[in-house]
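This report refers to the structure that appears directly beneath it.
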Amino acid sequence: MMPLGISLSAPAAVTDFDQVLAAAQAAEAAGFDFLCLPERPGLDPIALAAALAAGTERIGLVPSCSAPFHQPYNLARRLGSIDHISQGRFGWALQPAPPLPEIEHFAHLPMPASDIAVPRAAELAGIVAALWDSWDDDAFLRDKASGMYFDRAKFHWLNHEGAHYRVRGPLDTARPPQGRPPMMVLGGTTIAHDLACAAAEILHSLPRHLADARATRAGLQRGLAEQGRSADALCILAGIAPTSADVQPGPLRVSETPAMIAALMGEWRDTGAVDGFIIHLSDSPEAITQVAMDLMPALRERGLRDALPPRSPLRDRLGLHAAPSRYAA
Amino acid sequence: MILGLPIHFLGYHQGCWRLPDVPADGVLQFEHFAECARIAERGKLDFVFLADSAAVRNLDDPSIPRDREHEHLRMEPMALLAALAMVTERIGLVATVSTTYNEPFMVARGFASLDHIAGGRIGWNLVTGFSRDEARNYGYDAVIDSDTRHERAREFVDVVNGLYDSWDDGAFPRDRATGIYFDRAKMHFLDHRGTHFTVRGPLDVQTPPQRHLPIITAGYSDQANEFTAERANAVYSAAPTIEVGRAYYADVKNRMAKYGRPPEAVTVLAGIMPFLGRTRQEARDKLDRLQSLIQPEVGLGMLRLHNFPDLRGHDIDGPMPEVALSRGRYDMFSDMLLERVRRENLTIRQTYEVIAEGFWQYGKVGTASDIADVMEEWFTTGAADGFNVQCPYLPGGAADFVDLVVPELQRRGLFRKQYEEATLRERLGMAPAVSRYATTREELPA
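Sequence order for the protein chains is Y and L.
Under this note's numbering, the residue at position 148 of the first sequence is numbered 148, and the numbers go up by one with no gaps.
Under this note's numbering, the residue at position 17 of the second sequence is numbered 1017, and the numbers go up by one with no gaps.
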């Protein structure tokens, strides 16, 4: 199965929650693996993801956030909680550097210079993942007869003292169902690729053409090797948009014919340039349903998609390896 | 009468998680919280409430056996509230967020979004964070002093409410014909430059349905009470006797005049812990059953948290030895507790059982009528405007309260039979929030 996500990318602000909910439900019904909720003016993507976790049943949810404005302990507990609420359907996208206007709302904070944005964001992501491992999967006995609620030998102080953060831990919530909900980085810049190689498991790439996609893959493989990570540790998904879609600039615009879009996806995937795709669409549920009705049969014909994917954790849907705790024997 | 139901854990009695009908893993199960919220909504309660503290506290203190307690793992309140908004329709939803370990722009953005998702039902339990364990999760070695925390909290609220005012009513014509999406004259940069924050604005979320979300506080320090009188819309009080409750009530209300606020602008919500039965005997049996589930180690840990020394090694069924109480957060309560220990010659076990049956939230064992009597007396004699109903166990304790006590309160004309107001603000008796720019709009440049 080729992972296939959708990104709600209308250029307008997100103001109507009911529309976002309808869009998420349309994407779920259409069989998309996950829904990206990018940073846009309007409703906060993390709040949206938490609400959608209760308003959907199968689809993965991947909100974006900007690294410099979040405390790792806050992020770990909020995001981990959404993985609990959604029963393992959660992922998150981390932007190492925020867009300029946003910085003006945080002018009292020391902003990291651009050359430390990546190491700082990587440190943040590392702390979040480590906090998620605070409690072993079998830490909770909850034995009503003996009165033991947890096993003291099965939690871990973090005691992180890094260049940018100090966090003691442990986290005050149990390990998320996925262990480590996958982290995405939106590509297209050097710092995004650096962060992806250091800490991410999904790269949302924005190639211009096949050769570009292949070059990106080759560069990322070198970067992963430098970090001591295997080539399949990073799932590369290319953003594309039908030419008629009313979306923010970024993704490659592709021909409207479903058969041609499916052919392009098959070629890119089969040559190893990418692992899958993220289709950028407006927030209109009708547009989502229409694209899916046209495209999904063409993808099934090529063996790239099943009829309706099983209800499973987001990691599984992306073909990522299981994420055992760092403390597991 | 305003009624709130805290649902962040499995109940306020330390033995609750060991009851057969209590889901011991409920603190991590969304369905448990959803069930509690639905029960509260069925009872027409004003709101459910998620208390919070961003740490597992006292985990390294061997005299406090956290491994025998359930309440130290939880879901993060803002995420959980967003999800609860999806499974409820009318009930208010209150989340705890600290002003010490968060950024005002983020909090404004998050709460404004939640208030849109929930259609104006969100409230903010504002805390400043007293725990060193929490501080150490955010890069501090110790807690910032209370004065500084409250100074930061004041400025934080100014920024958050200022950001909510970024857009005037009618700021978004979204006129496809003219192409005008928003009206620039109805947008405001906050341009806040203060001691703790520099925030330009505007907020990138439309004005929340309530405009300014209700703020609920708690705490007993002088700083906390001053903050409550100046800024809060409701406050949680905790009192072991009605006299203490009345004194607290009067104290908060008396402080309000100097901020130009009428006393009714703060709703005082007293903690009450109902051990409820269809008969008094059944209620008593429930309490006894719960008390029998407190492990002695846990009981001694409870005493430690009430300023008592480490009493491990003593006979828990022997008399309370001579002790010197340490000083901490709730000195008045621990002093009152020790007085009672001496007056009644309590054993160590009896002392922690006194705490467990509702000492500093008011515990009452009895029938619905007995519990309604207490609530009526507090409500009508200047001790409370409403209650934070701290059920000993969930969800059963909440269901009992809703099925037995709520009808009794309704019969007495003390509580609503149907939801009327749409927003939490309205339900708390608050007037519509007015933008800080409302009177000066004409003076703004076009």
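Cβ coordinates follow ideal geometry from the N, Cα and C atoms, glycine included.
Which whole-angstrom value is the C-beta distance of residue i and residue j, which I expect to be below 8 Å?
i: Y1236 (chain L); j: G1271 (chain L); result: 7 Å
i: R1066 (chain L); j: S1131 (chain L); result: Rounded, the Cβ-Cβ distance is 13 Å, inconsistent with contact.
i: D94 (chain Y); j: A125 (chain Y); result: The question names Asp, but residue 94 (chain Y) is Leu in the sequence shown. Right, their Cβ atoms sit about 6 Å apart.
i: P1274 (chain L); j: I1371 (chain L); result: 5 Å
i: R1255 (chain L); j: G1382 (chain L); result: Not quite, the Cβ-Cβ distance comes to about 15 Å (not below 8 Å), so this is no contact.
i: A1095 (chain L); j: P1077 (chain L); result: 4 Å
i: Y1352 (chain L); j: L1303 (chain L); result: 6 Å
i: G31 (chain Y); j: V62 (chain Y); result: That belief does not hold up - the Cβ atoms of G31 (chain Y) and V62 (chain Y) are roughly 16 Å apart, past 8 Å.
i: A262 (chain Y); j: R302 (chain Y); result: 6 Å
i: E123 (chain Y); j: A163 (chain Y); result: 7 Å
i: P285 (chain Y); j: A26 (chain Y); result: 4 Å
i: R1280 (chain L); j: G1366 (chain L); result: 5 Å
i: C36 (chain Y); j: G5 (chain Y); result: 6 Å
i: D1310 (chain L); j: R1349 (chain L); result: About 16 Å separates the two Cβ atoms, so there is no contact after all.
i: T1207 (chain L); j: Y1164 (chain L); result: 6 Å
i: G188 (chain Y); j: L210 (chain Y); result: Wrong, their Cβ atoms sit about 16 Å apart, outside the cutoff.
i: L224 (chain Y); j: C197 (chain Y); result: 5 Å
i: S1326 (chain L); j: N1307 (chain L); result: 5 Å
i: V1027 (chain L); j: L1005 (chain L); result: Contact flag wrong, Cβ pair sits at about 16 Å.
Run down chain Y in chain order and give the residues with a C-beta less than 9 Å from the C-beta of residue i.
i: N1102 (chain L); result: Q71 and N74
Can you tell which of the options has its C-alpha closest to the C-alpha of residue i?
i: M234 (chain Y); options: Y:A129, Y:L304, Y:R315 and Y:G250; result: According to the sequence shown, residue 234 (chain Y) is Leu rather than Met. The candidate whose alpha carbon is nearest that of L234 (chain Y) is Y:R315.
i: M184 (chain Y); options: Y:P170, Y:G169 and Y:H204; result: Y:H204
i: T56 (chain Y); options: L:A1083, L:I1371, L:L1300 and L:A1079; result: L:A1083
i: A1238 (chain L); options: L:L1424, L:D1046 and L:G1358; result: L:G1358
i: A1224 (chain L); options: L:F1172, L:D1133, L:D1315 and L:N1125; result: L:N1125
i: D1123 (chain L); options: L:F1049, L:G1170, L:P1240 and L:S1369; result: Checking the displayed sequence, the identity of residue 1123 (chain L) turns out to be Gly instead of Asp. Of the candidates L:F1049, L:G1170, L:P1240 and L:S1369, the one whose C-alpha sits nearest the C-alpha of G1123 (chain L) is L:F1049.
i: E1071 (chain L); options: L:F1030, L:T1100, L:S1435 and L:A1024; result: L:A1024
i: I288 (chain Y); options: Y:M2, Y:A215, Y:L320 and Y:A22; result: Y:A22
i: A292 (chain Y); options: Y:P258, Y:P313 and Y:L264; result: Y:P258
i: A12 (chain Y); options: Y:G272, Y:I103, Y:D246 and Y:P313; result: Y:D246
i: E1069 (chain L); options: Y:G228, Y:R229, Y:Q87 and Y:R152; result: Y:R152
i: I1002 (chain L); options: L:R1425, L:R1436, L:A1438 and L:A1431; result: L:R1425
i: T1228 (chain L); options: L:V1157, L:A1356, L:A1185 and L:F1189; result: L:V1157
i: D1385 (chain L); options: L:L1414, L:E1134 and L:A1153; result: L:L1414
i: V1087 (chain L); options: L:L1073, L:D1052, L:H1212 and L:R1121; result: L:R1121
i: S1230 (chain L); options: L:V1205, L:A1356, L:E1264 and L:L1337; result: Looking at the sequence provided, one finds Glu at residue 1230 (chain L) rather than Ser. When each option's Cα is compared against that of E1230 (chain L), the closest is L:E1264.
i: R1184 (chain L); options: L:R1193, L:T1195, L:H1192 and L:P1202; result: L:P1202
i: I127 (chain Y); options: Y:Y73, Y:E39, Y:I103 and Y:C65; result: Y:Y73
i: G147 (chain Y); options: L:F1333, L:G1299, L:L1305 and L:R1412; result: L:G1299
i: E1089 (chain L); options: L:L1080, L:R1109 and L:R1038; result: L:R1038
Starting from the beta carbon of residue i, find every residue of chain Y whose beta carbon is closer than 8 Å, and list them in chain order.
i: Q1295 (chain L); result: G147
i: D1204 (chain L); result: A13, P41 and G42
Between residue i and the ligand SAM, is the CB less than 7 Å from at least one heavy atom?
i: M1332 (chain L); result: The ligand content of the structure shown is nil, which means the ligand SAM is not present either.
Give the interface partners of residue i over in chain Y, defined as CB-CB distance under 7 Å, in chain order.
i: G1110 (chain L); result: D44 and A47
i: F1049 (chain L); result: Chain Y residues near F1049 (chain L): none, gap ~17 Å exceeds 7 Å.
i: S1166 (chain L); result: None at all; the shortest Cβ gap to chain Y is about 11 Å.
Mind pulling the chain L residues with CB within less than 8 Å of residue i?
i: I59 (chain Y); result: Those do not exist, as I59 (chain Y) stays about 15 Å from chain L at its closest Cβ, beyond 8 Å.
i: I85 (chain Y); result: F1030, M1075, A1079, L1080 and A1083
i: G55 (chain Y); result: M1086
Who are the neighbours of residue i on chain L, taking C-beta pairs under 9 Å?
i: V167 (chain Y); result: R1136, N1137, Y1138 and G1139
i: F34 (chain Y); result: Those do not exist, as F34 (chain Y) stays about 18 Å from chain L at its closest Cβ, beyond 9 Å.
i: R142 (chain Y); result: W1017, A1024, D1025 and H1070
Starting from the beta carbon of residue i, find every residue of chain L whose beta carbon is closer than 7 Å, and list them in chain order.
i: I82 (chain Y); result: A1079
i: H204 (chain Y); result: Neighbours of H204 (chain Y) on chain L: none; closest Cβ ~22 Å, over 7 Å.
i: H105 (chain Y); result: F1105, V1199, R1200 and G1201
i: F17 (chain Y); result: H1116 and I1117
i: H108 (chain Y); result: H1196, F1197 and T1198
If the cut is a Cβ gap below 9 Å, which residues of chain B does residue i touch?
i: R77 (chain Y); result: No chain B appears in the structure shown, which is made up of the protein chains Y and L.
**Study point:** Cβ pair count under 8 Å reaching 3, the region 1289-1296 of chain L against the region 1005-1025 of chain L
**Key:** In the pairwise beta carbon analysis, the region 1289-1296 of chain L is classified as touching the region 1005-1025 of chain L: at least three pairs are separated by under 8 Å.
Check your understanding: Are three or more beta carbon pairs between the region 95-114 of chain Y and the region 1171-1188 of chain L nearer than 8 Å?
Key -> They do not touch, by the three-pair rule.
Check your understanding: Would you call the region 120-138 of chain Y and the region 169-184 of chain Y touching, i.e. three or more CB-CB distances under 8 Å?
Key -> When C-beta atoms of the region 120-138 of chain Y are compared with those of the region 169-184 of chain Y, three or more pairs fall below 8 Å, so the two segments count as touching.
Practice item. Kindly confirm or deny that the region 35-48 of chain Y and the region 1105-1125 of chain L touch, where touching means at least three C-beta pairs closer than 8 Å. Key: Output reads yes: the region 1105-1125 of chain L touches the region 35-48 of chain Y.
Practice item. Quick one: which unbroken alpha helix (DSSP H) runs of 4-plus residues sit fully inside the region 267-306 of chain Y? Chain order, please. Key: Taken in chain order, the whole alpha helix (DSSP H) runs of length 4 or more contained in the region 267-306 of chain Y are 285-301.
Review point. Can you give, in chain order, each stretch of the beta strand (DSSP E) that sits fully within the region 1202-1257 of chain L and has at least 3 residues?
Key: As summarised for the region 1202-1257 of chain L, the continuous beta strand (DSSP E) elements at least 3 residues long and confined to that stretch are 1215-1217 and 1234-1237, given in chain order.
Exercise for review: Can you check the region 1286-1353 of chain L for any alpha helix (DSSP H) of at least 4 residues that lies completely inside it and give the ranges in chain order?
Suggested key: The qualifying runs are 1296-1305 and 1331-1344.
Check your understanding: Hey, is the region 1037-1047 of chain L in contact with the region 1390-1408 of chain L, meaning 3+ C-beta pairs nearer than 8 Å?
Key -> By the criterion of at least three beta-carbon pairs nearer than 8 Å, the region 1037-1047 of chain L is in contact with the region 1390-1408 of chain L.
**Study point:** Stretch pair the region 316-323 of chain Y + the region 1022-1037 of chain L: three plus CB contacts closer than 8 Å
**Key:** Too few Cβ pairs lie closer than 8 Å, so no.
Point to revise | Complete runs of the alpha helix (DSSP H) confined to the region 1365-1446 of chain L [at least 4 residues] | key: DSSP runs (the alpha helix (DSSP H)) wholly in the region 1365-1446 of chain L: 1368-1380, 1396-1400, 1406-1411 and 1424-1427.
Check your understanding: Counting pairs of beta carbons, one from the region 188-199 of chain Y and one from the region 113-121 of chain Y, are three or more of them closer than 8 Å?
Key -> The region 188-199 of chain Y is in contact with the region 113-121 of chain Y.
Review point. So does the region 145-163 of chain Y actually touch the region 206-215 of chain Y, counting three or more Cβ pairs closer than 8 Å?
Key: Touching, no, given that fewer than three Cβ pairs across the two stretches are closer than 8 Å.
Check your understanding: Do the region 1152-1172 of chain L and the region 1204-1223 of chain L meet, that is, are 3 or more Cβ pairs less than 8 Å apart?
Key -> A contact is defined here as three or more CB-CB pairs under 8 Å, and the region 1152-1172 of chain L meets this definition with respect to the region 1204-1223 of chain L.
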